[in-house]
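Just below is one structure, and these are the notes that go with it.
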Amino acid sequence: MAKATLRLSVIGRLKTLTHLDGLLISKEEATSAMKFISGTKITQFSLLRHSSTKEECPRMLSIWPSAKILTQTSKLGPHSHLNGNWYSKITALNLDGQHLFEITNLGKLENLKWASFNNNNLTKMEGLESCVNLEELTLDGNCISKIEGISKLTKLTRLSINNNLLTGLEKHTFDNMLHLHSLSLKNNRITSLSGLQKAFTLIELYISNNYVALNQEIYNLKGLCNLVILDVYGNIIVWNQENYRCFVIFHLPELKALDGISIDPPETECAKDLFGGRLTSDMIAERQGHSNFTQMQELNWTSSSIRTVDLIPVDQFRNVCNVNLQNNNLTSFSGLVYLPNVKVLCLNYNHIESIMPRLKPQSHLTNRQLLYQKVPSSGYGQQGISKINRDITSNENLPPIMHNLEVLHLGYNGICNLIQLQLNRLRNLKFLFLQGNEISHVEGLDNLLVLQELVVDHNRIRAFNDSAFAKPSSLLELHLEENRLRELNNLQPLVKLEKLFLGYNKIQDIAELEKLDGLSSLRELTVYGNPICRKMLHRHMLIFRLPNLQMLDGIPVNSDDRAKAEFHFSELQAKKNSFVPVANSPVDGGSFGQVKASPIKITNIILPGGLSHYLGSDFTLNTEIEDQKNKNAGLLTNNPRSIHAEIAFRQLRGINLSPSLLSHQNMASPATQMYQNNQDEGR
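Using the UniProt record's numbering, the first residue of the sequence shown is number 1, and each one after it goes up by one.
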C-alpha cells in the first residue's frame, strides 16, 4: 500500500483523529479520506462495473486469473440494462486494486464462478459463504493471516493466496474441497504443511518462498497421490536438507516436476538408492505425529524394508529402551549402536553380519577363502579365514558399545561366523538368542561374562571346540536343540548351568551323556529326539548320575524315580554277578566233550578287593591292571552309589563280559549257558 493511500485509509477509518505522524489533518484531507473510504466498499455500481455474465471462460494462454480475463473481454459496465434478477447472472467478478478492506454484498451472487480480489487491504476471508458455485478464487497481495470462511466452497478448483501474511494452514480447511486441483501460497510466512493431508485431489501445489524448514513437513504430502507439480523453492528446507531434491523425489514418487524442473528417471533411481530403506527421525515423527522423541520408550518398526538407521539427534532418543526392527533388511546394527539406553533389541529375520558395518573383503583373500565367507559349508579356505578372524580379534582392541543392552534377538539372520559378529563388545549382555542361523562353531563369546541364557537352537553345531566355553561361565541356560551334536566335550566350565536342552541332535553314545557329570548345578535337561533315547536306558542313567536333576525331557524327577534308578543298576549288577562262570570248573564232558574253559582275563575294569569272592579265582588281572587297582582302591568306597550299581554302570560303558570269551566254538559249560541267558534278560 502506497504511503499516501495508507494515510487516507487511516484518516478515513479513524474519524476522530486530528494529527497523524505529527502532521495536522486538514479539512480537505479529511474530506478526501472519506471519499476514499466510501470507494473501498463493494456497491451495486462496482459490481456492474467489474463483472461479467459469460458462462464459459475462453481457452487462452495467460497468467491472468479467469475473472480478469472475462471482465476484460466481456464486461457488463455500469449502464447495462438488466432486470431485477441480474445478480444471479453474474459469473465473473474482478475487484483487483479497489482498496477493499472487507468483502461484502455478495450474498446474491449465487452463480459466481470466477472471482479475483488481488491487491486490496483484506485481512480476512469472509463474505463468500453464499458463493457456493465458485470455482476459482484469487486473493493475492492482501493482508490475510488465516485461511477461513471457505469451507462451503466445495466446487473450488483453483485457489491462490500469494503474497499475504499466512503462517499456517488450518487443520480441516481442505477436507471438503473434493475438486481442488491447484493451490498457490507463495510468498507467505508458512512454517508447516500440516492441514494438506486430505487434499487428495490436489495436482499442483505452489508454496515457494515461505518458512518451511523441517523434513517431516514433506511427509504431510505423502498421501496426495495426484500431486505431480510441487514448488518449494525458497524455503529453509532447501538449504537445511542435504540432498533435498532427492529427498522430496523419494518421498513423493508421483511428482513429475519439482521447483520448476522436470524429474527424470535417473533422478528417481538416485533418490531410491540414497534414501531407500533408511529409518530416520522424520519418518518416526510422521508416524507418531510429533517430534518430541524424548517421550519415546519403545521403537517398533517391523517389516519396512529398513537397511540403515539414522536417528538424529541421538540425544533425543535417550529414553528408548526397547527396539524392535524385526523382518527388515539390516546388515548391521547401524545407527542403533548410538542409542545410549537400549536394553532389549530384536533384530530377528534380518541379514545381520556384524554389529558395525563390515569392510569390503580384502584383496589378499584367496578365492577359496572368499567362497568360505559366503558358503561356510563348502569348507574351502576355512583355516585361513579362521586365522584371519583370530588375528583381527587379537590385534584390534575393540571398545565396548551399547553398555545397557541386556537382551539381544538375532534369530534367522543367516549368521555363519560369530567372531565377525563382534558380540564380545556387548559386555553386559545377559540373554542372547541366535536360533535359526547357520552357526557351526560357538566362539567369540569370551567377554560376555554376565551372559545367563544362550539360545542356538536350529543351527549346524556338531561339537564344541576348546575355546567355546574356555572361561568359567555365568551361563544358567543353554539351548542346543535341532543341531548336529554327536559329542558333548568342553562343557566343564559351565559350572553354574541349570538348564540344558539337547533335543533332536545326533547323540548316540551313552558315554557322551556321562560327560554331563561335571554339571553339578544342572536341574533341567532334555535329550529326546536323539538316537541314544532308543535304548530306553538313558533316563535311569541320567537320574542316577545327576543328583540335582529335577526335570528330564519335560517330565519331573521325583524320589521314586531316583529309587528306581538306584534299584535298576543294583539289580542289574547283582544278576550279572550271580551268573559269572567260575574258572577251573570242570566242563560237563558227558554233554559237550572234554573241554575246559580257559581262565578269563579282564583288562579294562578296576575291581575293589572286596569283590573277589563274587568272581572266583579264575578271574585274573594282569600286572598293569593290578597296579591301577591298587592306585584307585578308594574310588568306590568314596562313591555314594552302591557297589553293584557302579559296576553295572561301568559295564554299560562297554565292559560287558561277552559269552564269546567264555566259550570255545560250540562247546560251552552249563555255567556259560546260564550266564548268556541271564545277560539276555538283563537287556
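Beta carbons are placed, not taken as given, at the ideal position from N, Cα and C, and that holds for glycine.
Once the 5 residues before and after residue i are set aside, which same chain residues still bring their CB inside 8 Å of it?
i: D457; result: Q435, G436, H479, L480, E481, E482, N483, F501
i: H19; result: I25
i: S145; result: T123, N164, L165, L166, T167
i: T154; result: V132, N176, M177, L178, H179
i: Q461; result: One point to set straight first is that residue 461 is Ile, not Gln, in the sequence displayed. Excluding sequence neighbours, I461 sits near I439, S440, H441, V442, L480, N483, R484, L485.
Note the first and the last residue of the continuous beta strand (DSSP E) segment covering residue i.
i: F174; result: F174 -> no beta strand (DSSP E), and no H or E assigned at all.
i: L299; result: 298-300
i: C346; result: 344-346
i: S474; result: From DSSP, S474 is part of no beta strand (DSSP E); its letter is neither H nor E.
i: L230; result: 229-231
i: L137; result: 136-138
i: S184; result: 182-184
i: L408; result: 407-409
Would you tell me roughly how many angstroms separate the C-alpha atoms of residue i and residue j, rounded to the nearest one?
i: L488; j: D509; result: 10 Å
i: Q98; j: T294; result: 52 Å
i: D466; j: R425; result: 21 Å
i: H290; j: L193; result: 13 Å
i: L635; j: R545; result: Any reading at L635 is ruled out, since the residue's pLDDT is 39, under 50, leaving its predicted position unreliable.
i: K89; j: T157; result: 21 Å
i: K186; j: N319; result: 40 Å
i: I203; j: I439; result: 54 Å
i: S474; j: L405; result: 17 Å
i: Y244; j: L494; result: 55 Å
i: L6; j: L178; result: 39 Å
i: L448; j: A470; result: 12 Å
i: E498; j: E242; result: 54 Å
i: T43; j: T91; result: 17 Å
i: F433; j: M541; result: 31 Å
i: S304; j: G277; result: 8 Å
i: V587; j: A565; result: Summary for V587: the model assigns pLDDT 38, below 50, so the residue's position carries little reliability; its value from the coordinates is reported in the next sentence. Roughly 37 Å between the two C-alpha positions.
i: G503; j: P531; result: 10 Å
i: L410; j: D231; result: 44 Å
i: F464; j: N417; result: 14 Å
i: N329; j: I415; result: 14 Å
i: N109; j: L159; result: Reading the sequence as shown, one finds Leu at residue 109 and not Asn. Cα to Cα, L109 sits roughly 19 Å from L159.
i: N350; j: S559; result: 47 Å
i: S66; j: K27; result: 42 Å
Output needed for residue i: all residues of its chain with C-beta closer than 6 Å, excluding positions within five of it in sequence on either side, in chain order.
i: L537; result: none
i: E353; result: T331
i: F101; result: T40, N121
i: N322; result: E298, V344
i: I237; result: V212, A213
i: Y206; result: S184, K186, D231
Leaving out the 5 sequence neighbours to the left and right, which residues in its chain are closer than 7 Å to residue i when beta-carbon positions are compared?
i: V557; result: I543, L549, Q550, M551
i: R189; result: L165, L166, T167, N210, Y211
i: A33; result: L8, I11, G12
i: residue 690; result: No answer is possible for residue 690: it lies beyond the span of the chain, which begins at 1 and ends at 683.
i: H251; result: I218, Y219, K222
i: E254; result: C225, L227, V228
i: K15; result: none
i: E286; result: Q216, Y219
i: Q316; result: F293, T294
i: residue 684; result: Lying before the first or after the last residue shown, residue 684 is absent from the chain, which here runs from 1 to 683.
i: F275; result: C246, F247, F250
i: R562; result: I543
i: Q197; result: N220, G223
Please report the Cβ distance between residue i and residue j, rounded to the nearest whole angstrom; I am assuming they are in contact, meaning their Cβ atoms lie under 8 Å.
i: F117; j: L139; result: 5 Å
i: L224; j: A199; result: 6 Å
i: K496; j: L476; result: 6 Å
i: L95; j: K113; result: With 8 Å as the limit, L95 and K113 do not qualify as a contact, their Cβ atoms being about 15 Å apart.
i: E129; j: K152; result: 6 Å
i: K506; j: L485; result: 6 Å
i: L429; j: L451; result: 6 Å
i: T308; j: N324; result: With a Cβ gap of about 17 Å, T308 and N324 do not count as contacting.
Could you spell out where the alpha helix (DSSP H) holding residue i opens and where it closes?
i: W239; result: 237-240
i: T526; result: It is not in any alpha helix (DSSP H) - T526 instead sits in the beta strand (DSSP E) that spans 524-526.
i: I249; result: 244-251
i: R158; result: Counting along the chain, R158 falls outside any alpha helix (DSSP H), though it belongs to the beta strand (DSSP E) covering 158-160.
i: F433; result: Premise fails: F433 lies in the beta strand (DSSP E), 431-433, not in any alpha helix (DSSP H).
i: A67; result: 66-73
i: S46; result: 44-49
Sequence ranges, beta strand (DSSP E) only - wholly within the region 484-554, length at least 3: Taking 3 residues as the minimum length, the beta strand (DSSP E) runs contained wholly in the region 484-554 are 499-501, 524-526, in order along the chain.
Complete runs of the beta strand (DSSP E) confined to the region 256-306 [at least 3 residues]: At a cut-off of 3 residues, the continuous stretches assigned as beta strand (DSSP E) that sit fully inside the region 256-306 are 278-280, 298-300.
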